[in-house]
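Number of protein chains: 2
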Amino acid sequence: MPPKPKTDAERQQLRITILDAARELFVAQGVDAVTMREIAKRIGYSATAIYLHFKDKDAIIRAICDTDFLALASGLSQIMQIPDPVERVVALGTGYARFALSHPNHYRMMFMTPRPPCDPEISEVQHGNPEQDAYAQLRLVVHEVYERQLFRPELTDPDLIAQTIWAGIHGVCSLEITLANDIWVNWRSIEARLQLMQNTLINGLLISPELRASQP
Amino acid sequence: MPPKPKTDAERQQLRITILDAARELFVAQGVDAVTMREIAKRIGYSATAIYLHFKDKDAIIRAICDTDFLALASGLSQIMQIPDPVERVVALGTGYARFALSHPNHYRMMFMTPRPPCDPEISEVQHGNPEQDAYAQLRLVVHEVYERQLFRPELTDPDLIAQTIWAGIHGVCSLEITLANDIWVNWRSIEARLQLMQNTLINGLLISPELRASQP
DNA sequence: TATGTTAAATTAACGACGTTAACTTAAATT
DNA sequence: AATTTAAGTTAACGTCGTTAATTTAACATA
Chain A
196 MPPKPKTDAE RQQLRITILD AARELFVAQG VDAVTMREIA KRIGYSATAI YLHFKDKDAI
256 IRAICDTDFL ALASGLSQIM QIPDPVERVV ALGTGYARFA LSHPNHYRMM FMTPRPPCDP
316 EISEVQHGNP EQDAYAQLRL VVHEVYERQL FRPELTDPDL IAQTIWAGIH GVCSLEITLA
376 NDIWVNWRSI EARLQLMQNT LINGLLISPE LRASQP
Chain B
196 MPPKPKTDAE RQQLRITILD AARELFVAQG VDAVTMREIA KRIGYSATAI YLHFKDKDAI
256 IRAICDTDFL ALASGLSQIM QIPDPVERVV ALGTGYARFA LSHPNHYRMM FMTPRPPCDP
316 EISEVQHGNP EQDAYAQLRL VVHEVYERQL FRPELTDPDL IAQTIWAGIH GVCSLEITLA
376 NDIWVNWRSI EARLQLMQNT LINGLLISPE LRASQP
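Here the protein sequences line up with chains A and B, keeping their order.
So for the first sequence, our numbering puts the first residue at 196; every next one is plus one.
So for the second sequence, our numbering puts the first residue at 196; every next one is plus one.
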């Protein structure tokens, strides 16, 4: 039943319907396993109808990634309320890992799949804005820890520190997502691995706890 | 020109020819971008001929992964000669990262793509044998450091420690492979990130350098 | 009120993919 | 010389992402 003109709001609504259906399928089966025809069937349209709203499959993926970047950032934003900045870094890591492990297919799309370099023309996420960008949040907290001089004195580049913390947590999560079922590694529990990574990063990057206590 | 019977050696040779062609294409373009027809053309056979030697595309990927696991392990094996075990851990990390970053498409296949759980029936790699398995090498070294009581006293599970070190290095490498070209992160140099991760793992996991010096 | 115009959808179709089936060729065996 | 059979080939299937051509029905105009 293909009738005619749609208000802008209706077009927007259909766009969202498509994205919701695609997201649900992507999450359940992974990006590659989901076909355009399958997405279309789920929302009761023909496959080609999708192309009236998205240039191609990649555009859908990108749009979903954008939404998920926002979801990740907003999920972490309450953590940013924690007063102590060291506690806040740790909580950010835990929150980030929770997101990664409970939405592995999203996480794979966002951080484990090479995408054409994020085009600011298209992306609606304001990168650098801590409200919308989880990495910006981490950067912010790390800078705060840095200014309180809680990092080891030889560490003079907060951005580098933030990228290292990110890499550590990401390493634990991405190995879990990719290789959790491989039997040739006798994996310790994911909780234990995450915990040790957190402790290692703290111990490895910060000055000793005694010194920390006596700091402003 | 398809004549007839081949000796076992000839069959084996063709198998290797297929694998070499596939590997070269995979490395250049990534697994998904390479087609069976393309592999076949490169070796002067029809696409279907490949199926006489491999069940399907996945079997080729798996066979290549196996070879690459061996290549990784053997590339690291001389590092195992380093006498000081702490130096050896660091060198293993550096060697591992060098492999990952200079063969990113291999690395992606091996450690960033979910595969049906490694079937010991098929795989020719002897997992657990440090000659053939890089993780077993790491495990070995970490155990040695553990026995010298150089890890912080609260760390009582060498396997967990090894998995954390792996995750740290893997995190740096996999983020680099996936997101190096994303502009919204102001990446520090990969060398700096790797260096800081190494130092952080060392500082975070080991007892202090002064104590270390006075240990057996 | 009849007639175009046009947005929103559809069906048809294309070329490429992984893979299977059916067929060919020529060496080895009888 | 006739038969079997391994090692190839070409043809073909079903599916994919995507584009082209076509239909449908609401609106605008005469």
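C-beta atoms are modelled at their ideal positions from N, C-alpha and C, and glycine is treated no differently.
The structure presented is a predicted model; accordingly, all values stated were derived computationally and were not measured.
Listed along chain B, the residues sitting closer than 9 Å to N398 of chain A by beta-carbon distance are R347, T395, N398, G399, L400.
Buried is the label assigned to R334 of chain A, since at least 16 other Cβ atoms lie within 10 Å of its Cβ. At a beta-carbon threshold of 8 Å, the residues of chain B lying near Y330 of chain A are W379, V380, ordered along the chain. Just so you know, the alpha carbons of H338 of chain A and M304 of chain A end up roughly 28 Å apart.
When C-beta atoms of the stretch 278-291 of chain B are compared with those of the stretch 389-407 of chain B, three or more pairs fall below 8 Å, so the two segments count as touching.
Residue burial annotation: A228 of chain B is exposed, with fewer than 16 other C-beta atoms found within 10 angstroms of its C-beta. Fewer than three beta-carbon pairs drawn from the stretch 319-333 of chain B and the stretch 344-354 of chain A are found closer than 8 Å, and the two stretches are therefore not classed as touching. Following the DSSP letters along the chain, one finds F221 of chain B inside the alpha helix (DSSP H) bounded by residues 203-224. The Cβ neighbour count for N300 of chain B, taken over all protein chains shown within 10 Å, is at least 16; the residue is labelled buried.
By the Cβ rule, the stretch 256-263 of chain B counts as touching the stretch 208-225 of chain B, because three or more pairs are nearer than 8 Å.
In the displayed model, L345 of chain B falls within coil according to three-state DSSP, outside both helix and strand.
Listed by position along chain A, the residues whose Cβ is nearer than 7 Å to that of D354 of chain B are N381, R383. With distances taken between CA atoms, S269 of chain B lies nearest to B:Y330 out of B:D203, B:Y330, B:L370, B:Q344. Sorting A:Q208, A:P309, A:I385, A:C368 by C-alpha distance to the C-alpha of A295 of chain A places A:C368 at the top. Nearest to W382 of chain B by alpha-carbon distance, out of A:A357, A:F264, A:V281, A:R347, is A:A357. Considering only A:R206, A:R237, A:H248, the residue with the shortest C-alpha distance to F221 of chain A is A:R237. Per DSSP, W382 of chain B lies in no alpha helix (DSSP H) and is assigned neither H nor E. Shown here, L401 of chain B sits in a strand according to DSSP, grouped into three states.
Fully enclosed alpha helix (DSSP H) runs of no fewer than 4 residues occupy 252-272 of the stretch 233-282 of chain A, in order along the chain. When the beta-carbon positions are compared, P309 of chain A and L370 of chain B stay at least 9 Å from each other. For F221 of chain A, there are no neighbours in chain B by C-beta distance under 7 Å, as the nearest C-beta there is about 15 Å away. The Cβ-Cβ distance between Q332 of chain B and M275 of chain B falls below 9 Å. Within chain A, not a single residue places a beta-carbon under 9 Å from that of H301 of chain B; the smallest gap is close to 14 Å. For T230 of chain B, the secondary structure class from DSSP, reduced to helix, strand or coil, is coil. Put simply, of B:S297, B:S403, B:P280, B:V285 the residue whose alpha carbon is nearest the alpha carbon of E342 of chain B is B:P280. Under the Cβ criterion of 9 Å, G323 of chain A is counted among the residues facing chain B.
In chain order, V336 place their CB closer than 6 Å to the CB of V284 of chain A, counting only its own chain and leaving out the 5 sequence neighbours on each side. By the beta-carbon neighbour count (other beta carbons within 10 angstroms, threshold 16), D253 of chain B is exposed. A distance of 9 Å or more separates the beta carbons of G366 of chain B and G399 of chain A.
A362 of chain A and S409 of chain A have their C-alpha atoms roughly 29 Å apart. Under the 9 Å criterion on CB atoms, H365 of chain A is classed as interfacial with respect to chain B.
For the pair F346 of chain A and L401 of chain A, the CB atoms are nearer than the 9 Å cut-off.
Looking only at B:A266, B:P404, B:L267, B:A244, the smallest Cα-Cα distance to Q344 of chain B is reached by B:P404. Against chain A, the CB of P404 of chain B has no partner CB under 9 Å away; the residue lies outside that interface. In this structure, M231 of chain A and A242 of chain A form a Cβ contact; the two beta carbons are roughly 5 Å apart against a cut-off of 8 Å.
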